[in-house]
Amino acid sequence: MDSQQSQPQNLQQQQPLPPLQTQLQQQQPIIKPQSPPPSQSQPPTPQACATNVVIPVPIVPPEDIYTYVVVKGSLHAQDCAIFGLNEQETAAFTKRYTNGSTEIVNGILIKIPPLQAINSLSQLGYKVVCSTGEAEIVWTMQREL
Numbered sequence: 001m002d003s004q005q006s007q008p009q010n011l012q013q014q015q016p017l018p019p020l021q022t023q024l025q026q027q028q029p030i031i032k033p034q035s036p037p038p039s040q041s042q043p044p045t046p047q048a049c050a051t052n053v054v055i056p057v058p059i060v061p062p063e064d065i066y067t068y069v070v071v072k073g074s075l076h077a078q079d080c081a082i083f084g085l086n087e088q089e090t091a092a093f094t095k096r097y098t099n100g101s102t103e104i105v106n107g108i109l110i111k112i113p114p115l116q117a118i119n120s121l122s123q124l125g126y127k128v129v130c131s132t133g134e135a136e137i138v139w140t141m142q143r144e145l
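Note that UniProt numbering numbers the sequence shown so that position 53 is 53, with each residue one more than the last.
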């Protein structure tokens, strides 16, 4: 029973570890040692090895910035919808394909098969990164800025 009573007392005597701090400007960890150990006449007490630990967190700027465009249509249809084009790209599409285009919410509906639209977008630097669907397919395309 004495060992059970002495165990909570030992836990109360231990010092908690200091809180961690982060500094975004530092690239190397800094460890500050505690004061020198007590004299040899006193028994050593358990202490943490450092009072402040600094963890470096580098800020990495994004290397690649992309813009995305979505083409929606069916492989059997003669029209498709293109979403996410900027004003110059929209003007280029309507000028190139004069057989008909209609502005819709966030995009254009153009009277060309979707694969022809995808090929035209690839000439502008876009590439297909994913696709989904069965009867109506959505192709997501990206271009690096």
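Each residue gets a CB set at the ideal place from its N, CA and C atoms; glycine is no exception.
None of the values given here were measured: they were computed from a predicted structure.
- Message: Please tell me whether I118 and V129 are closer than 8 Å, where the distance is taken between their beta carbons.
- Response: Result no, Cβ atoms of I118 and V129 do not sit closer than 8 Å.
- I65 burial status per 10 Å Cβ neighbour count (16 or more: buried): The residue in question, I65, is exposed, as its Cβ has fewer than 16 Cβ neighbours within 10 Å.
- Message: Could you check whether G100 and I82 sit closer than 8 Å to each other, using their CB atoms as the reference points?
- Response: Taking 8 Å as the Cβ cut-off, I82 and G100 do not qualify as a contacting pair.
- Determine the contact status of residue 149 and A77, defining contact as a CB-CB distance below 8 Å. Because the chain in this structure spans residues 1 to 145, residue 149 falls outside the shown range and cannot be described.
- Which one of S131, L115, Q123 has the shortest CA to CA distance from L75? The shortest C-alpha to C-alpha distance from L75 to any of S131, L115, Q123 is the one to L115.
- Message: Given a cut-off of 8 Å on the beta-carbon distance, is the pair E136 and G73 in contact?
- Response: Note that the C-beta distance between E136 and G73 is below 8 Å.
- Item | First through last residue of the alpha helix (DSSP H) which encompasses I118 | Run containing I118: 114–123, per the alpha helix (DSSP H) assignment.
- Message: For T102, would you say it is in contact with chain D, using Cβ-to-Cβ distances shorter than 8 Å as the test?
- Response: The structure shown has no chain D; it contains just one protein chain.
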